[in-house]
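Quick notes on the structure that follows.
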Amino acid sequence: MEYIASRADRMNTVGEMAASVAHEIRNPLTTVRGYLQLLLSKKEFDRYRDNFELMIDELDRTNTIIREYLCLAKDKRADLKICSLNKIIESLFPLIQADAVASKIAVSLDLSEIPELQLDENEIRQLLLNLVRNGLEAMPSGGCLNIRTFWDNDKAVLSVSDHGPGMPEYIFNNLGTPFLTTKDNGTGLGLPMCYRIANRHQADIDVKTSESGTTFYIRFNHPLASN
Ligand code: ADP
Ligand code: MG
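Numbering (UniProt numbering) for the sequence shown: 331 to 557.
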């Protein structure tokens, strides 16, 4: 019998186990969240409202960390299908709009005609939501967020721009490194997840940042291009 496993094999098993544990933890979390919400709606608990809300926020944060971690898990493959990037963006717009209104931010959509692409719809939604959330978080006192699609140099491009203060140089130089965050409540997993998703789509990410704002560009190959 052969007992020798390579380091890569062992790491992979650990990664897979961690991913399945993370997955299993989400179910009880959902149950706890549901009961907290139920208690929150009862009059007799009114004076504990702040505490309940805090608990729910913390559960949501835990869920976000698990979701981002799962997305980073190495063995996952993108489920690529030919579809319309513009349609995915449009379907997310109400959600984005709701977040933006709460942060006093106006969102503009500027979608050009681009060919359909090979995309994993769920992953593209997560990528866009992460870029949008970062954009909103960069403008705490309000402003404008612009989401565009356009065709440039044989690539379909998605861009998300904000008018926030830009990012510090050490972040810019280490974009995509896990756990790097400048936010009190940040996970530092949002951008690593975006880079992982872009990588699975063979898309490139470019970033421009200055004191007057930040733009992320995701450049997708045309599905018929030979790469
Ligand atoms: P988190 O949002 O949890 O901090 P991310 O991986 O999404 O983690 O982002 C990492 C860091 O990159 C942020 O903490 C912030 O410093 C910087 N960053 C990302 N997007 C922007 C942006 N649009 N404007 C300014 N800084 C940004
Ligand atoms: Mg983020």
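Positions of the beta carbon are idealized from the N, C-alpha and C atoms, including for glycine.
Legend entry - Inter-residue Cα distance where the pair is E420 and L521: C-alpha separation (whole angstroms): 22 Å.
Inset, instruction - Write down the C-beta distance between E451 and C413 rounded to the nearest angstrom, noting that I regard them as a contact closer than 8 Å. - result: Yes, E451 and C413 are in contact; Cβ-Cβ is about 6 Å, under 8 Å.
Legend entry - Spatial neighbours of N504 in its chain, beta-carbon cut-off 8 Å, leaving aside the 5 residues before and after: The beta carbon of N504 is closer than 8 Å to those of L510 in its chain, skipping five residues each way along the sequence.
Legend entry - Chain-ordered list of residues that sit, by beta carbon, closer than 6 Å to a heavy atom of ligand 2: Answer in sequence order: N460, R463, N464, G520.
Inset, instruction - Could you say which of E346, T361, N476 lies nearest to A436 if we only look at CA atoms? - result: Distances from the CA of A436 to each of E346, T361, N476 were compared; the closest alpha carbon is that of N476.
Legend entry - Beta carbon of Q448 nearer than 8 Å to that of K411: Contact: yes.
Legend entry - DSSP-derived helix/strand/coil call for T507: Three-state result, T507: coil.
Inset, instruction - Kindly provide the ranges of any alpha helix (DSSP H) runs that are 4 or more residues long and lie completely inside the region 433 to 493, ordered along the chain. - result: Taking only runs of at least 4 residues, the alpha helix (DSSP H) segments lying wholly in the region 433 to 493 are 451 to 467.
Legend entry - CA-to-CA distance, N515 to E499, given in whole angstroms: Going from the Cα of E499 to the Cα of N515 covers about 20 Å.
Legend entry - T539 - DSSP class collapsed to helix/strand/coil: Taken through DSSP and simplified to helix, strand or coil, T539 comes out as strand.
Legend entry - L457 and I527 closer than 8 Å at C-beta: Contact flag set, yes.
Inset, instruction - For G543, I'd like the list of residues in its chain whose CB is within less than 7 Å of its CB, leaving aside the five on either flank, ordered along the chain. - result: Non-local C-beta neighbours of G543 in its own chain, meaning closer than 7 Å and more than five positions away in sequence, comprise S491, D492, H493, G494, G496, ordered along the chain.
Legend entry - Three-state class that DSSP yields for K372 in the structure shown: Note: K372 maps to coil in three-state DSSP.
Legend entry - Backbone CA spacing between V351 and P358 [nearest angstrom]: Per the coordinates, the alpha-carbon of V351 lies some 12 Å from the alpha-carbon of P358.
Legend entry - Between the CA atoms of E541 and S471 - distance to the nearest angstrom: Cα to Cα, the separation comes out at about 15 Å.
Inset, instruction - Please confirm whether any heavy atom of ligand 1 lies closer than 7 Å to the CB of D440. - result: No - ligand 1 has no heavy atom lying nearer than 7 Å to the Cβ of D440.
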